[in-house]
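Here is the structure we will look at.
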Amino acid sequence: IDQLGHDLHLVISNVAPSGPLMLVGHSMGGMTVMSLAADFPEMFAERVTGVALLGTSSGNMDQALLGLPGPVARAAHRLTPLVAPTLVSRGDLIESTRQRTSDLSKIILSQYSFGSSVPAEIADFTADMINATPVDVVGEFLPTFDAHDKRAALAALHGIEVLVMVGK
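Count the sequence shown with the working numbering and you get residues 54 to 221, in order.
Put into structure tokens, the structure is as follows:
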């Protein structure tokens, strides 16, 4: 996730090298904005006029229940460092089974990824986006979530208009 903050800095430097900025991040995008703030606080002081953080976290992800019962969530956090390398090394095998289990994954996604009932089209769209992400990429990012802690970086947002939006 820290690399994403550096990547965002590079994109901004090339696409919008001057002038005011409004940054919006959803989920990992919000984590990316916070990583940018951690490493480039001067950009926030000089150029950023507003930030929107949507459905994201500044830290303590290792305590998140992920929509699961407490014991199951704790087990998932403990298993992630063990499972992630397998996702990376055996991505081809996992990709081949991914399509066969897509209906089951859509049911699980609908149950645990939305705070309330959503139209099937929304759940399908979300599942398609997730399934389009190569499993080795997912495996590389999984361990970073529990280690993600950008609470100190939030100081760079002081004096800037900030919208924080979450749902349950």
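We put the beta carbon where it would ideally sit given N, CA and C, even for glycine. Note that the structure is predicted; figures quoted are calculated from it, not measured.
For residue i, three-class secondary structure by DSSP
i: histidine 211; result: coil
i: glycine 82; result: helix
i: valine 64; result: helix
i: alanine 69; result: coil
i: valine 219; result: coil
i: histidine 59; result: helix
i: arginine 131; result: helix
i: isoleucine 175; result: helix
i: phenylalanine 167; result: coil
i: isoleucine 54; result: coil
i: threonine 186; result: coil
i: phenylalanine 93; result: coil
i: aspartate 202; result: coil
Contact check, residue i vs residue j, beta carbons under 8 Å
i: leucine 106; j: valine 217; result: yes
i: proline 138; j: glycine 192; result: yes
i: isoleucine 213; j: phenylalanine 97; result: yes
i: threonine 133; j: leucine 57; result: no
Which residues DSSP lists as bridging residue i, in chain order
i: valine 136; result: For valine 136, which the question treats as bridged, DSSP gives no partner whatsoever.
i: leucine 76; result: Val104
Classification of residue i by the beta-carbon crowding that lies within 10 angstroms, buried from 16 upward
i: threonine 85; result: buried
i: threonine 109; result: buried
i: leucine 63; result: exposed
i: leucine 210; result: buried
i: leucine 76; result: buried
i: valine 104; result: buried
i: valine 101; result: buried
i: leucine 61; result: buried
i: methionine 87; result: buried
Proximity test, Cβ basis, 8 Å: residue i and chain B
i: phenylalanine 194; result: As a matter of chain content, chain B is missing from the structure shown, which is built from one protein chain.
Check: What residue ranges within the segment 101-125 form continuous beta strand (DSSP E) runs of no fewer than 3 residues, ordered along the chain?
Finding: Listed in chain order, the complete beta strand (DSSP E) runs (minimum 3 residues) inside the segment 101-125 are 101-107.
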